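> Handing you this structure, nothing more for now.
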Amino acid sequence: MRFVERVVSYQKRLTSCLVTICGIDLYFLQDADTVAQMRKDSSVGHVVQVYTYTMKWFFGLPDRGVEIYNRDKTGPERKPHAGSDPHFPAHNRIYNITYQGFLTGLSGPNLTHTTQRYSQLVNANLEKMSLSREWTTYEDLGLFFQELVSKSILEALFGPAFLKLNPTFNEDLWEFDRDIPSLARCLPSFMLPGPYRRRASLAAQVKKWHQHARDNFSESSIGPDGDADPYWGSELMRHRHAKLPAVDDFDDDCMVAADLGFIWASVSNATPTVTWVTAHLFEDDNLRDRARADVARLGTLDPKTLTQSSPVLSSVFAETLRLHSTMYSMLTARGADANLGKWRLPQGKIGVVSTGLSHMDDTVWNTRDGQHPLASFWADRFLVYPSDPTSGPLNMNRRRQHDAAAAQTKTKSEEEYSTAGAADPHGPTFSLEGLEGSWIPYGAGRHACPGRVMSKQMVLYAVALIISQYDIELLEGPVPVEKDKWSFGFNVAVPKDKIPFQIRKREL
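Residue numbers (UniProt numbering): 1 to 508.
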């Protein structure tokens, strides 16, 4: 990251530049206005080679599967990309099949059904821990939530049969998660026998689940909500297994790699986010009490309501992702050069955006004149107080620039509607206004993570349940913000060290 920071900084400001690495031109795009423009430009999309690299080296997609993805130039939208083969068979549009499945399965009624199942599972799994009003000590907060949150997500999305068939899958998956940085180096199996062996074990477990679901599922298995079933788990997975095997040459091994990638993605960011949010809340008694009051005012623990009506939790969530999200987005301009304001991304070239650098841009973010440095956690960074014109995520200079631009265009971006109001009309509201090119934990392209709404609902539900019903004491005090640098650039960074704690039920 230090190398990237050096090359994209000019006079202490983030900018954009061209760097050639191993003969490949990489356009690093970091200034906020350029990133914001890139997110709006329909001609800018993700780099196919990056996707296939991830699927091959991380999740074991065979070379024949890589070819299937490479031959599809039509893109994820319903309408094929301009310039792509107009006669390309619809059943082979693997990006469209995958993306549209996510849009349907992770939004609308299916999102509601999934998060309802998840919330029930979190409650049930928490009860199984038999926690009482006496303190129970655990060695690591991260491991605690890997057991509680990760297992609940897996069953909510993939059904109860999945973990019954593979009782060690969750533990195996988190051991494999630590292998991802090693696998990213593209080394052969004889140099990485452990990571390859663990991946093969996970693949075998996924394949066993596939066969069991094929043998036992019928339409009568679908529950009354039209989404859940005990074998595939959800309408999303039924869609994937109806459409993807119909893609020419997409065999069982390809399907296993595709599902393993989705399974890993479904838990690898949400679970450490719950860990960080919980740690930050219980580091500060006042913040914990404010969050508890926010939740108590709602009167119900509903995943959707929490994301819309709890400004304190929403701000803590957003600040956690700002501070701990460490992803690189790689994008390309299709059809023609992409005009990104003062910069241009040439057709077919690769643009790179680092969330870590955008999230630390002091020309954009509010630090209260240095009182709350960007390298530290500040729970109120995303809160706007009606009586305080200096509050909110933007510093005053950036706020003036944003207000002037908004007055000229008289339009609002999608981000400006990402707010959470307070029950108290004089209280703060959560806002992402003006951060289109600066807060990008889900990626910098137009097709940001389709599971981002589900993930936020799942994270905030687990956190709200814990803070409202349990006390936690961090046995070694506040958790250092320092992250595990080995995992930098892949997802939400995990804490560098274990977080020992004790927990008990509250006396309500």
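Quick reminder that beta carbons are idealized off the backbone N, C-alpha and C, glycines included. All values reported here derive from a predicted model rather than from experimental measurement.
Within the same chain, show all residues whose beta-carbon is closer than 6 Å to that of G65, passing over the 5 residues directly before and after it, in chain order.
What you label residue 65 is simply residue 65 of the sequence shown in a count that begins at 1. Answer for G65: C254, listed in chain order.
> From R368 to N395, what distance separates their C-alpha atoms?
Walking along the sequence shown from the start, residue 368 turns up at place 368. Walking along the sequence shown from the start, residue 395 turns up at place 395. Distance between the alpha carbons of R368 and N395: 8 Å.
> Could you check the C-alpha separation between V316 and V277 for me, to the nearest Å?
For this step, residue 316 is matched to residue 316 along the sequence shown. For this step, residue 277 is matched to residue 277 along the sequence shown. One Cα belongs to V316, the other to V277, and the distance between them is close to 7 Å.
> Beta-carbon within less than 6 Å of T275's beta-carbon, same chain only, minus the 5 sequence neighbours each way: which residues are those?
For the purposes of this step, residue 275 is taken as the residue at position 275 of the sequence shown. Cβ within range, chain order: L141, G142 and F145.
> Are V479 and V35 closer than 9 Å when you measure CB to CB?
Counting from 1 along the sequence shown, the entry for residue 479 is found at position 479. Counting from 1 along the sequence shown, the entry for residue 35 is found at position 35. Not a contact, by the Cβ cut-off of 9 Å.
> Just verifying my parser: in three-state terms, what is the DSSP assignment at G108?
In the sequence shown, residue 108 corresponds to position 108, counting from 1. DSSP places G108 in helix when its eight states are reduced to three.
> Excluding sequence positions up to five away, which residues of its chain have a Cβ less than 8 Å from the Cβ of F162?
Counting from one through the sequence shown, the residue named residue 162 turns up at place 162. Once the five neighbours on either side are set aside, the close Cβ partners of F162 are L154, E155, F169, W209 and G233.
> Assign Y417 to one of two classes, buried (16 or more other C-beta atoms within 10 Å of its C-beta) or exposed (fewer than that).
Taking the sequence shown and counting its residues from 1, the one referred to as residue 417 is at position 417. Low per-residue confidence applies at Y417: pLDDT is 41, beneath 50, and the placement is therefore not dependable enough to give any value.
> Tell me which residue opens and which closes the alpha helix (DSSP H) that V352 is part of.
As a first step, residue 352 must be located in the sequence shown, where it is residue number 352. Premise fails: V352 lies in the beta strand (DSSP E), I350 to S354, not in any alpha helix (DSSP H).
> Note down the Cα distance separating G341 from W135, rounded to an integer number of angstroms.
Position 341 of the sequence shown, counted from the first residue, corresponds to residue 341. Position 135 of the sequence shown, counted from the first residue, corresponds to residue 135. Distance between the alpha carbons of G341 and W135 is about 57 Å.
> Can you give the beta carbon distance from Y27 to I350, rounded, assuming they're within the 8 Å contact cut?
Locating residue 27 in the sequence shown gives position 27, counting from the first residue. Locating residue 350 in the sequence shown gives position 350, counting from the first residue. Correct: roughly 7 Å between the Cβ atoms.
> What number of angstroms, rounded off, separates the C-alpha of E127 from the C-alpha of S150?
For the purposes of this step, residue 127 is taken as the residue at position 127 of the sequence shown. For the purposes of this step, residue 150 is taken as the residue at position 150 of the sequence shown. Using only the alpha carbons, I get a separation of about 16 Å.
> With C-beta atoms as the reference, is E139 less than 9 Å away from K496?
Here residue 139 corresponds to residue number 139 of the sequence shown, with the count starting at 1. Here residue 496 corresponds to residue number 496 of the sequence shown, with the count starting at 1. No, these two residues do not count as a Cβ contact at 9 Å.
> Sort out for me which residues DSSP pairs L14 with in a bridge.
Position 14 of the sequence shown holds residue 14. Note: L14 sits in a beta bridge opposite S9.
> For T98 and A32, I'd like the C-alpha separation in whole angstroms.
Position 98 of the sequence shown, counted from the first residue, corresponds to residue 98. Position 32 of the sequence shown, counted from the first residue, corresponds to residue 32. Spanning the two alpha carbons is a distance of roughly 30 Å.
> Using beta-carbon positions only, say whether H447 and P76 come within less than 9 Å of one another.
Taking the first residue of the sequence shown as position 1, residue 447 is located at position 447. Taking the first residue of the sequence shown as position 1, residue 76 is located at position 76. A contact, by the Cβ cut-off of 9 Å.
> Since L183 and L173 are thought to touch, with beta carbons under 8 Å apart, how far apart are those beta carbons, to the nearest angstrom?
Position 183 of the sequence shown, counted from the first residue, corresponds to residue 183. Position 173 of the sequence shown, counted from the first residue, corresponds to residue 173. Incorrect: roughly 14 Å between the Cβ atoms, too far for contact.
> So which of D337, F430, V48 and T271 has the shortest CA-CA distance to A462?
The sequence position of residue 462 within the sequence shown is 462, counting from 1. Nearest in C-alpha terms to A462, of all of D337, F430, V48 and T271, is T271.
> Output the distance between the C-alpha atoms of L508 and L121, rounded to the nearest integer angstrom.
The sequence position of residue 508 within the sequence shown is 508, counting from 1. The sequence position of residue 121 within the sequence shown is 121, counting from 1. L508 and L121: Cα-Cα distance of roughly 22 Å.
> In the DSSP assignment, find the unbroken beta strand (DSSP E) run with Y470 in it and report its ends.
For the purposes of this step, residue 470 is taken as the residue at position 470 of the sequence shown. From DSSP, the beta strand (DSSP E) with Y470 extends over Y470 to L474.
> Can you grab the Cα-Cα spacing for the pair I263 / W365, in whole Å?
For the purposes of this step, residue 263 is taken as residue 263 along the sequence shown, with counting starting at 1. For the purposes of this step, residue 365 is taken as residue 365 along the sequence shown, with counting starting at 1. Each residue's alpha carbon lies about 34 Å from the other.
> Helix, strand or coil for K40, going by three-state DSSP, please let me know.
In the sequence shown, the residue the question calls residue 40 occupies position 40. Looking at K40 - three-state DSSP - the assignment turns out to be helix.
> Going by DSSP, what residue range makes up the beta strand (DSSP E) through Q502?
Against the sequence shown, residue 502 aligns to sequence position 502. From DSSP, the beta strand (DSSP E) with Q502 extends over F501 to K505.
> At the level of alpha carbons, what is the spacing between D284 and R381?
Here residue 284 corresponds to residue number 284 of the sequence shown, with the count starting at 1. Here residue 381 corresponds to residue number 381 of the sequence shown, with the count starting at 1. Approximately 15 Å between the Cα atoms of the pair.
> Assuming contact is defined by CB atoms lying nearer than 9 Å, are M237 and L157 in contact in what I supplied?
As a position in the sequence shown, residue 237 is number 237, starting the count at 1. As a position in the sequence shown, residue 157 is number 157, starting the count at 1. Contact: yes.
> CA-CA distance, K304 and V459?
Locating residue 304 in the sequence shown gives position 304, where the first residue counts as 1. Locating residue 459 in the sequence shown gives position 459, where the first residue counts as 1. So the two alpha carbons sit approximately 11 Å from each other.
> For I466 and P373, I'd like the C-alpha separation in whole angstroms.
Here residue 466 refers to the residue found at position 466 of the sequence shown. Here residue 373 refers to the residue found at position 373 of the sequence shown. Their Cα atoms are separated by approximately 28 Å.
> Please report the Cβ distance between F102 and P450, rounded to the nearest whole angstrom; I am assuming they are in contact, meaning their Cβ atoms lie under 8 Å.
Here residue 102 refers to the residue found at position 102 when the sequence shown is read from its first residue. Here residue 450 refers to the residue found at position 450 when the sequence shown is read from its first residue. That pair is a contact at about 4 Å.
> Can G392 and L383 be called in contact, C-beta distance under 9 Å?
What you label residue 392 is simply residue 392 of the sequence shown in a count that begins at 1. What you label residue 383 is simply residue 383 of the sequence shown in a count that begins at 1. In this structure, L383 lies closer than 9 Å to G392 by Cβ.
> For G370, does the three-state DSSP call read helix, strand or coil?
For the purposes of this step, residue 370 is taken as the residue at position 370 of the sequence shown. Looking at G370 - three-state DSSP - the assignment turns out to be coil, as it is neither helix nor strand.
> Applying the criterion that 16 or more other CB atoms from any shown protein chain within 10 Å of the CB defines a buried residue, is N70 buried or exposed?
Reading the sequence shown from its first residue, position 70 is the one you call residue 70. Per the 10 Å Cβ criterion, exposed.
> Compare the C-alpha of P428 against each of D225, A228 and A291 and name the closest.
Within the sequence shown, numbered from 1, the residue matching residue 428 stands at position 428. Measuring from the Cα of P428, the nearest candidate turns out to be A291.
> From T20 to G348, what distance separates their C-alpha atoms?
Here residue 20 refers to the residue found at position 20 of the sequence shown. Here residue 348 refers to the residue found at position 348 of the sequence shown. Taking the straight line from one Cα to the other gives about 15 Å.
> Near K505, what residues of its chain come up, given a Cβ to Cβ distance below 7 Å and the 5 sequence neighbours on each side ignored?
Counting from 1 along the sequence shown, the entry for residue 505 is found at position 505. These residues qualify, in order along the chain: L131, S132, R133, Q469 and Y470.
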